[in-house]
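Visitor: In numbering that gives the first Met the number 0, the protein residues as written are 0 to 297. Built from N, CA and C at the ideal position, the CB exists for glycine as well.
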Amino acid sequence: MGGTRMKSSNGEITGRITIYAVLVLIGIVTLYPFWYVTIISLNDSTVVNYSKVFFWTSAFTLDNFKVIFSTYIFYDAFKISVARTVAGSLLSVFCNATLAYGLTKKKLIGRNIFLSIVLITLFFSGGLIPFYMVLKKLTLINTFWVYIIPMLYNPWTIILMKTYFSSLPLSIEEAAKIDGANDLKIFFKLIIPTSMPLLAAMLLFAAVGHWNDWIMGEIYVMKPSLHPVQTVLMRTILQMSSYHMMNQSLNLSYIDKQPSMESIKMAAIVATTIPILLVYPFLQKHFVQGVMIGSIKE
């Protein structure tokens, strides 16, 4: 018996060591890219230009961030991005929730037609040119609302919300109706509070999508004052890249003293990732629960 216990104990220790080693390895592989991006953004351009691989800053500098933040429209772009992310995310979650809740009602006239339209958009899109023509017809080109209205509805979000709303017991709504509550009151006073974990997860997804998007500003907005921070950073990087390529053959020593394109790109990634990282902890407790609730029907 003692030998069996000893063997079992040794096996458990070996198994735990193996599991911990695998988890540590996965953690390193997952976290190192983020660490590498941060180190590159804080390193002197000379080190980066000569492609020296490192795990720590060998020549600490903030010049890469100075290049980004010195862009004269950066702060206006930051305001546009914040306004777009906040307004777009909240309106998107609200619109998706109202539509998803309506689709759970079997007595809704045209319910199957609306549901089919939602499903079709998962597999097909109208294309870039028709989309541009529609936005132009709606006078959304070169306006702030071009960032908001086209992204109000997301079919994937609608399906997740509909799945969750359908799983709620009908007895809850029936009891509320007996107490004299109408559909609007049931939705705002009962459905939304019950669905907060799911709504928080969908809010985070929408916020990340709005914050990271640069293509809308690049294609549909020609006014620099309305460009979001991602579009401004993308244009800054492209301009810096052209500038470096033009001068590289003329004065290599001068280029070595300037912030490298690699370090500027990494600094841009860090600068645009920090706001999302600051918001995520406030929604973290709802995130996993919300995703699971929306994807599993009880």
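Considering residue 186, what are the terminal residues of the alpha helix (DSSP H) in which it resides?
Guide: To locate residue 186, count along the sequence shown from 1; it is residue 187. Per DSSP, residue 186 belongs to no alpha helix (DSSP H) and is neither H nor E.
Visitor: If you measure between the beta carbons of residue 92 and residue 183, is that distance less than 9 Å?
Guide: Your numbering for residue 92 matches position 93 in the sequence shown. Your numbering for residue 183 matches position 184 in the sequence shown. No.
Visitor: Expressed to the nearest angstrom, what Euclidean distance is found between the alpha-carbon atoms of residue 14 and residue 275?
Guide: Locating residue 14 in the sequence shown gives position 15, counting from the first residue. Locating residue 275 in the sequence shown gives position 276, counting from the first residue. The straight-line gap from Cα to Cα measures roughly 37 Å.
Visitor: Do you know how far the Cα of residue 108 is from the Cα of residue 277?
Guide: Here residue 277 corresponds to residue number 278 of the sequence shown, with the count starting at 1. Here residue 108 corresponds to residue number 109 of the sequence shown, with the count starting at 1. Approximately 43 Å, taken between the alpha carbons.
Visitor: Quick one: what's got a C-beta closer than 6 Å to residue 194's C-beta in the same chain, skipping five residues either side?
Guide: As a first step, residue 194 is located in the sequence shown; it is residue number 195 there, counting from the start. So no residue of the chain qualifies.
Visitor: Here's the rule I'm using: 16 or more other beta-carbon atoms within 10 Å means buried, otherwise exposed. How should residue 310 be labelled?
Guide: The shown model of the chain, from 0 to 297, leaves out residue 310, and the question about it has no answer.
Visitor: Counting pairs of Cβ atoms below 8 Å between the segment 203-222 and the segment 72-87, do you hit three or more?
Guide: Result yes; three or more Cβ-Cβ pairs closer than 8 Å.
Visitor: What distance in whole Å lies between the Cβ atoms of residue 76 and residue 226, which are believed to be in contact at a cut-off of 8 Å?
Guide: Here residue 226 is taken as the residue at index 227 of the sequence shown, counted from 1. Here residue 76 is taken as the residue at index 77 of the sequence shown, counted from 1. The Cβ separation is near 5 Å, so the contact holds.
Visitor: Just checking my contact of residue 100 with residue 190 at CB under 8 Å: how many whole Å lie between their CB atoms?
Guide: Counting from one through the sequence shown, the residue named residue 100 turns up at place 101. Counting from one through the sequence shown, the residue named residue 190 turns up at place 191. The Cβ separation is near 6 Å, so the contact holds.
Visitor: Tell me, please, which residues DSSP counts as bridged to residue 42.
Guide: Reading the sequence shown from its first residue, position 43 is the one you call residue 42. BP columns for residue 42 point to 59.
Visitor: Pick out whichever of 185, 231, 154, 74 has its Cα sitting closest to the Cα of residue 118.
Guide: Taking the first residue of the sequence shown as 1, we reach residue 118 at position 119. Closest by alpha carbon: 154.
Visitor: Return helix, strand or coil for residue 220, following the three-state DSSP convention.
Guide: In the sequence shown, counting from the first residue as 1, residue 220 sits at position 221. Residue 220: coil per DSSP, three-state reduction.
Visitor: Expressed to the nearest angstrom, what Euclidean distance is found between the alpha-carbon atoms of residue 94 and residue 152?
Guide: Here residue 94 corresponds to residue number 95 of the sequence shown, with the count starting at 1. Here residue 152 corresponds to residue number 153 of the sequence shown, with the count starting at 1. Rounded to the nearest angstrom, the two C-alpha atoms are 7 Å apart.
Visitor: With DSSP as the reference, label residue 294 as helix, strand or coil.
Guide: Your numbering for residue 294 matches position 295 in the sequence shown. Residue placement at residue 294 is flagged as unreliable, the pLDDT there being 48, under the threshold of 50; the coordinate-derived value follows with that caveat. Reduced to three states, the DSSP call for residue 294 is helix.
Visitor: Note down, in chain order, each residue of its chain lying with its Cβ closer than 7 Å to the Cβ of residue 175, except the 5 sequence neighbours on either side.
Guide: Walking along the sequence shown from the start, residue 175 turns up at place 176. Closer than 7 Å at the Cβ level, and outside the excluded window around residue 175, lie 185, 189.
Visitor: Can you name, in chain order, every residue of its own chain whose Cβ lies under 7 Å from the Cβ of residue 215, other than the five neighbours on each side?
Guide: As a working note, residue 215 is residue 216 in the sequence shown. The residues are 145, 146.
Visitor: Cβ atoms of residue 224 and residue 72: under 9 Å apart, would you say?
Guide: Within the sequence shown, residue 72 is the residue found at index 73, counting from 1. Within the sequence shown, residue 224 is the residue found at index 225, counting from 1. Yes, Cβ-Cβ distance for residue 72 and residue 224 is below 9 Å.
Visitor: How about residue 36 and residue 269: do their beta carbons lie closer than 9 Å?
Guide: Walking along the sequence shown from the start, residue 36 turns up at place 37. Walking along the sequence shown from the start, residue 269 turns up at place 270. Their beta carbons are under 9 Å apart, which means residue 36 touches residue 269 by this criterion.
Visitor: Alpha carbon to alpha carbon, how far is residue 271 from residue 161? Give it in angstroms, no decimals.
Guide: For the purposes of this step, residue 161 is taken as residue 162 along the sequence shown, with counting starting at 1. For the purposes of this step, residue 271 is taken as residue 272 along the sequence shown, with counting starting at 1. If you take the alpha carbons of residue 161 and residue 271, they lie about 32 Å apart.
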